[in-house]
Structure formats: C-alpha cells, structure tokens
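In numbering that gives the first Met the number 0, the protein residues as written are 0 to 373. Just so you know, even glycine gets a beta-carbon here, dropped at the ideal spot from N, CA and C. Structure first, then comments.
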Amino acid sequence: MDKMNRISYLFFIFPLLMLSQNRLRDHGVEIGVLQPGTYNAITDVPGVQVGHSTIFSGENIRTGVTAILPHSGNIFQEKVPAAIYVGNGFGKLAGYTQVKELGNLETPIILTNTLSVPTAVNAVIGYTLNQPGNENVRSVNAVVGETNDGYLNDIRGRHVTEAHVIQALKDVKPGPVTEGNIGAGTGTICFGFKGGIGTSSRVLPKKSGGYTVGVLVQTNFGGVLQVAGVEVGKKLGHYSDSFKYSPDGSCMMVVMTDAPLGSRNLERLAKRAMLGLAKTGGIASNGSGDYVIAVSTAEACRIPYQSDSPIQSVPTLRNEAMTPLFLATIEATEEAILNSLFAAETMIGRDGHKIEALPKEKVLDILKEAGKMD
0 MDKMNRISYL FFIFPLLMLS QNRLRDHGVE IGVLQPGTYN AITDVPGVQV GHSTIFSGEN
60 IRTGVTAILP HSGNIFQEKV PAAIYVGNGF GKLAGYTQVK ELGNLETPII LTNTLSVPTA
120 VNAVIGYTLN QPGNENVRSV NAVVGETNDG YLNDIRGRHV TEAHVIQALK DVKPGPVTEG
180 NIGAGTGTIC FGFKGGIGTS SRVLPKKSGG YTVGVLVQTN FGGVLQVAGV EVGKKLGHYS
240 DSFKYSPDGS CMMVVMTDAP LGSRNLERLA KRAMLGLAKT GGIASNGSGD YVIAVSTAEA
300 CRIPYQSDSP IQSVPTLRNE AMTPLFLATI EATEEAILNS LFAAETMIGR DGHKIEALPK
360 EKVLDILKEA GKMD
C-alpha cells in the first residue's frame, strides 16, 4: 500500500475505530437476536444522513443540535410517510399535529434543547424556503424535538442560534454516526449518568423482507438501568425509593426504515420503540417527554408535493408482515440508548455541576458475572 493510499485508509478507518471503542456490542454484549447493519446506526437505512452542531463554551454552555435527513433530495417536494407516537407528553415537540393529520414529513428532523425549539423551527423554515424548487412555498411544517439539558447547560441563555441549526444540516452525511456528548446530546443526562446521542440498526432476514430499521436517540431520562436484562442500576446501588437522581427528563427517539409503510403502520412501529426504552429500565416518568418519530424512506412511498393525479398508489406492507419490524425496532432502540451511555464521557457544566459517565468497567464486570459476556 503506497503512502497516499495508506493515509486515505487511515482517514477512513479512524472514525470507525473511535466509534467501536465506545459501543456496547464491541465489548461482546449483543442485544437481541437480529443482526445490525454495517454501521449499526440509523444511517444503515439507505439515504439517511445525520449531522451535528456542538456548542461547548466556557464553563456553562453545553448544548447543540442534531439533524436527521430521510433522503438527500428536496424533502418538501418529496415528502415521506411518517408518524409520531407520544409515550409521555411532557415536552415541546413542534410539528406534531400536521404529521398526525396528514401522515407525512416534509422537513429534516431537528433535535436540540427545550428552549431552543422556536429558534430551530425558524431555521428549518428558512432552510426549506431557500431550497431550489420551493420558491412558491407558503407553509412549512418543521419537526423539532427536544430534551432539557438545563442541569449542565445554561439553557436560559438560549445559546443555540439559527446558524447552529444550519451548521448541523450542512454537516449531515451517511456512514458512521458520532455518539455521546455531541450535538443535541451534549448536555443530557440518562439514568443519573452522562447521556447523549446513541444509535443502532437491525437488518431483517431475507425471508422477512430484508428491510433495515435504524434508530437514533437523544437520551435525557431516568429509571433503574438495565443492560441486556441485567439490573445494573440496582447492583450499582444507583437508585432509592425516591431515586438518587431525578428520573425526569426526556427521550427523543427517531425510527427510520426502508420498508414500505404508511403512517398507520409507522405509528404501530413507533409504539414499539417505547418497549425498547422500557427494556433499558426507563419508566417514562411524570416529567419526561418521550416521543417517537417513525419514517419510511422507501422511494416508492414518497409523496410528491404536487401531482397531476388526485390518486396516489403506493406499495405498503400487510399488517401480518409487521412483526419482524416490531422486533427490529425494539432491539435497535434498546441498543441505541445503551450506546449513548457507553459513548458519553464525564462532563462538568453550568455552575460546576458534574455528571459522571457510566462506570463501564463496573458494568462490564456485572454483565460478565451474569453470563452476558465472556
């Protein structure tokens, strides 16, 4: 291998190595029975891209933006089937009612902090209006989700700007997805440990359609942590009758698949993501906003903004073909949440508040003792 090729190889492989060192599966712990895709990420779904903008400044600013695109074209002109399921509604998810009513998504999905939702909505509107082909558009349903990172971040300062949202949109790319303290996960907390962005995927066997399901999460919620069915939080003593930390927060879950689904079955799929959250020990507490956005990226299911025909015929899976997709969503959501914990690092933020990373070595010892790894 010559020098230039060796350098190119290193630039290609280095991100993969960095990701693999911080993920649950690379420690020999496998969640579920289905196999992940190439990157074990939401970007294993063809066409899906993810970008981040991270704001880490001074002692008090720890926040950011994460953008997810279902395809690389003009999403407003080529809308995609979508559904949103509300597990617990203590949140500020923008764009919900139109997705519920029409069953489609017409913008990128943006994740950020609670008080930055209006800023992100405005940025997405500008981004959409400025795309070639949208010169006559008069209405934009921006979908923006959030979690509250106010313990580590000066959330009242509202430091996310429209430029940060546009930066995340410009950063989108396929392939490996950086996890942990990045983008919208920069200042989040999960099970009392440092949370963040996490992702995972599952590929169905050919006999079940061979479809891919990818999940990306922004974790900022509580409960009693379980890993691969082991009561890790209990064994760590990381709980009490009233919790040693606030179980409130939120979890944003984005599910994408190349299976041809309409909004009704996408909502059914979205509901299963909550089962994945529950398998990690999440409890959807009173103060938690737990939302699932589910999208079909199947090209044959795209919905043109304008058409000469009043009738649209699209392929769609039958109800009895949904079960393997349900399982894939549950497994990918569970692993995405755990990946967010394994990738996150200890952080000191607003007013000197400190949140420790998951004690991975202790967790791995517990899992080994339970027979979950060699």
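Residue i, enclosing beta strand (DSSP E) - first and last residue
| i | result |
| --- | --- |
| S199 | 196-202 |
| M252 | 248-256 |
| V78 | Per the sequence shown, residue 78 should be read as Lys rather than Val. Run containing K78: 77-88, per the beta strand (DSSP E) assignment. |
| G288 | 287-295 |
Sub-8 Å separation of residue i and residue j beta-carbons
| i | j | result |
| --- | --- | --- |
| S295 | L326 | no |
| T106 | E145 | no |
| R267 | L33 | no |
| Y95 | A269 | no |
| A283 | L324 | no |
| V223 | K233 | yes |
| Y244 | G191 | yes |
| Y123 | I109 | First, the residue type needs correcting, since residue 123 is Val and not Tyr in the sequence shown. Result yes, Cβ atoms of V123 and I109 sit closer than 8 Å. |
| V362 | V216 | no |
| A343 | G179 | yes |
| V142 | I292 | yes |
| V253 | V313 | no |
| I329 | G197 | no |
| H51 | A167 | yes |
| T185 | F55 | yes |
| S199 | G248 | no |
| Y290 | L92 | yes |
| V171 | T111 | no |
| V164 | A119 | yes |
| G46 | H26 | no |
| T218 | G36 | no |
| N318 | L23 | no |
| D148 | T62 | yes |
Cβ-based burial, residue i [other Cβ within 10 Å; buried from 16]
| i | result |
| --- | --- |
| D43 | buried |
| A81 | buried |
| A299 | exposed |
| T332 | buried |
| I12 | The pLDDT assigned to I12 is 38, lower than 50, so where the model puts this residue is not dependable, and the model offers no usable value. |
| D373 | exposed |
| A388 | Past the edges of the chain, shown from 0 to 373, lies residue 388, and the structure says nothing about it. |
| L18 | Any answer about L18 is weak, because its pLDDT of 41 lies below 50 and its placement is not dependable; what the coordinates show is given next. So L18 counts as buried. |
| L9 | Its pLDDT being 32, under 50, L9 is placed unreliably by the model, and nothing is read from it. |
| N285 | exposed |
| K353 | exposed |
| P175 | buried |
| E334 | buried |
| I347 | exposed |
| D350 | exposed |
| D153 | buried |
| P131 | exposed |
| P117 | exposed |
| I6 | Its pLDDT being 31, under 50, I6 is placed unreliably in this model, and the value from its coordinates should be taken loosely. Label assigned to I6: exposed. |
| K278 | buried |
| T53 | buried |
| K2 | Unreliable placement is indicated for K2, whose pLDDT of 36 sits below 50; the coordinate value is still reported in the next sentence. By the 10 Å Cβ count, K2 comes out exposed. |
| E368 | exposed |
| T345 | exposed |
| P309 | exposed |
| K193 | buried |
| G370 | exposed |
| L127 | For the record, residue 127 in the displayed sequence is Thr; it is not Leu. Buried. |
| R263 | exposed |
Run of the alpha helix (DSSP H) containing residue i, from where it starts to where it stops
| i | result |
| --- | --- |
| G232 | 231-234 |
| R263 | 262-278 |
Bridge-paired residues (DSSP) for residue i
| i | result |
| --- | --- |
| F220 | Paired residues: none, contrary to the question. |
| Y304 | Its beta-bridge partners do not exist; DSSP assigns none. |
| V28 | Per DSSP, none; premise fails for V28. |
| R22 | Paired residues: none, contrary to the question. |
| F55 | R61 |
| T211 | V202 |
| G281 | G222 |
| I49 | For clarity, residue 49 is Val in the given sequence; the question names Ile instead. DSSP lists I67, K172 as partners of V49. |
| K193 | I188 |
| Q34 | V202 |
| G179 | I196 |
My parser needs the alpha helix (DSSP H) runs of 4 or more residues fully inside the segment 90-164; what are they? Runs found: 95-101, 116-128.
Hey, which unbroken runs of the alpha helix (DSSP H) at 4 residues or more fall wholly within the segment 312-365? Listed in chain order, they are 322-342.
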